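**Student:**
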Amino acid sequence: MSLVLVGLTVLLLLALVRRSFRLMLGLGGALATVAGLGGGDDSALAPRRSPAAEPRPWAVAPGTERLWVTAERLHRRTCPSTDCGSVGRLYFREAVTAREVRDGWVRITGRYDAQCRGGRSALVDSGTVDCSAANGIEGGRLAEWVSAEFLAPTRPPDPAATAAADEALVAGSDDFARYRRTFAAAAADLIADGRCGASDFRQTGGWMQSTGHPDAPVYFTYCGGTTAANRLYLNASTGAIFR
Numbered sequence: 083m084s085l086v087l088v089g090l091t092v093l094l095l096l097a098l099v100r101r102s103f104r105l106m107l108g109l110g111g112a113l114a115t116v117a118g119l120g121g122g123d124d125s126a127l128a129p130r131r132s133p134a135a136e137p138r139p140w141a142v143a144p145g146t147e148r149l150w151v152t153a154e155r156l157h158r159r160t161c162p163s164t165d166c167g168s169v170g171r172l173y174f175r176e177a178v179t180a181r182e183v184r185d186g187w188v189r190i191t192g193r194y195d196a197q198c199r200g201g202r203s204a205l206v207d208s209g210t211v212d213c214s215a216a217n218g219i220e221g222g223r224l225a226e227w228v229s230a231e232f233l234a235p236t237r238p239p240d241p242a243a244t245a246a247a248d249e250a251l252v253a254g255s256d257d258f259a260r261y262r263r264t265f266a267a268a269a270a271d272l273i274a275d276g277r278c279g280a281s282d283f284r285q286t287g288g289w290m291q292s293t294g295h296p297d298a299p300v301y302f303t304y305c306g307g308t309t310a311a312n313r314l315y316l317n318a319s320t321g322a323i324f325r
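Going by the working numbering, the sequence shown runs without a break in its numbering and finishes at 325.
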């Protein structure tokens, strides 16, 4: 009988020891959790956040309307007026994105550095060059405007696609739509005279506008080489060919 009592006592003691051990483990885990919530040095316990998106000031939101140039050349002006300076030109069938429409004008760019030096913009190549609000340049920055009259919602057909057989050699010419017959006739005359070969026109694509003759519709091509000595000029208004 005494042995039975001893055995029961031992079992009771073992049960008490196990219960105490479990209580200690639970208390330790709770303390560790409290320490972690208290802002300890272990950053791995803290929830991770996605990094903020890097700002992209150069990214411009796309415009809502895409338009096509219908004129042979279209001035890109510093403000919505023909009195403002021109920073270049767009060409026939080029595309632009309309960012703003105002009084018959379309803004096609955001504002950017006008490169003002001494009160004048180095970007303006013709017309008013003043870095002033009247010229559309404020804080040394400008935006480009073009006349809505020479823009269309659909792209004009490519004149080269309808070139006749005798026009194919010069179908890549500047202003081909206007002077296609003149360009083709001049090329045919030069080939017949032996001054040019068909391969010359295939290489150049036809006639290119000359910037050295601003007051006349003068174009040039190369025959027999690509140096100044091989350059031939054509006045598209008169049909005259000269060096």
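For every residue, glycine included, the Cβ atom is placed at its ideal position computed from N, Cα and C. Computed from a predicted structure; not experimentally measured.
List the whole-angstrom C-beta distance separating ALA256 from TRP289, where the pair is believed to meet the contact cut-off of C-beta under 8 Å.
**Tutor:** At residue 256 the sequence reads Asp, which differs from the Ala that was named. Confirmed, Cβ separation roughly 7 Å.
**Student:** Which value, in whole angstroms, describes the spacing of the CA atoms of ALA266 and PRO235?
**Tutor:** Cα to Cα, the separation comes out at about 31 Å.
**Student:** Can you tell me whether ARG159 is helix, strand or coil according to DSSP?
**Tutor:** Correct three-state label for ARG159: strand.
**Student:** Using only the alpha-carbon positions, how far apart do GLN69 and GLY167 sit?
**Tutor:** This structure cannot speak to residue 69, because the chain is shown only from 83 to 325.
**Student:** On the DSSP letters alone, give me the boundaries of the beta strand (DSSP E) that LEU314 sits inside.
**Tutor:** Here the beta strand (DSSP E) through LEU314 covers 313–317.
**Student:** Mapping DSSP to helix, strand and coil, what is GLN197?
**Tutor:** Of the three classes helix, strand and coil, the one that applies to GLN197 here is coil, per DSSP.
**Student:** Which word fits THR286, buried or exposed, when buried means at least 16 other C-beta atoms lie within 10 angstroms of its C-beta?
**Tutor:** It is buried - the Cβ of THR286 has at least 16 other Cβ atoms within 10 Å.
**Student:** Do ALA269 and GLY254 have their beta-carbon atoms positioned less than 9 Å apart in this structure?
**Tutor:** No, they are not a contact pair.
**Student:** Identify whether ALA322 lies in helix, strand or coil by the three-state DSSP scheme.
**Tutor:** In this structure, ALA322 counts as coil in the three-state DSSP scheme.
**Student:** Within its chain, find whatever has a CB closer than 7 Å to the CB of ALA204; leave out the 5 residues flanking it on each side and keep chain order.
**Tutor:** Excluding sequence neighbours, ALA204 sits near GLN197.
**Student:** With distances taken between CB atoms, is the gap from ALA216 to CYS278 smaller than 9 Å?
**Tutor:** Contact: no.
**Student:** Once the 5 residues before and after ARG262 are set aside, which same chain residues still bring their CB inside 6 Å of it?
**Tutor:** These residues qualify, in order along the chain: GLU249.
**Student:** Indicate whether at least one CB of chain D lies closer than 9 Å to the CB of THR293.
**Tutor:** Protein chain content of the structure displayed is limited to a single chain, and chain D is not contained in it.
**Student:** At 4 residues or longer, what runs of the alpha helix (DSSP H) sit wholly inside the region 224–305?
**Tutor:** 258–274 and 280–286, all fully within the region 224–305.
**Student:** Out of PRO238, ARG184 and THR244, state which residue places its alpha-carbon closest to the alpha-carbon of GLU226.
**Tutor:** Among PRO238, ARG184 and THR244, the Cα nearest to that of GLU226 is on ARG184.
**Student:** Flag this pair as yes or no: are the beta carbons of VAL211 and ARG158 separated by less than 9 Å?
**Tutor:** No, the pair does not count as a contact, with Cβ atoms beyond the cut-off.
**Student:** Would DSSP call ALA180 helix, strand or coil?
**Tutor:** It is a strand residue.
**Student:** Below 8 Å on the Cβ atoms is my contact criterion, and I expect ALA280 with LEU251 to pass it. Report the Cβ-Cβ distance as a whole number of Å.
**Tutor:** Right, their Cβ atoms sit about 6 Å apart.
**Student:** In terms of DSSP beta bridges, what is LEU172 paired with?
**Tutor:** Looking at the DSSP assignment, LEU172 forms a beta bridge with LEU156.
**Student:** ALA180: which of VAL206, ASN312, ARG325 and VAL151 sits nearest, CA to CA?
**Tutor:** Residue VAL151 is the option with its Cα nearest to ALA180.
**Student:** Tell me which residue opens and which closes the beta strand (DSSP E) that VAL188 is part of.
**Tutor:** Residues 187–189.
**Student:** Do SER319 and PRO296 have their CB atoms nearer than 9 Å?
**Tutor:** Cβ distance not < 9 Å, so SER319 and PRO296 don't count as in contact.
**Student:** Thinking just about the alpha-carbon of each residue, which of GLN291, ARG189 and GLY200 is nearest to the one in GLY218?
**Tutor:** Of the candidates GLN291, ARG189 and GLY200, the one whose C-alpha sits nearest the C-alpha of GLY218 is ARG189.
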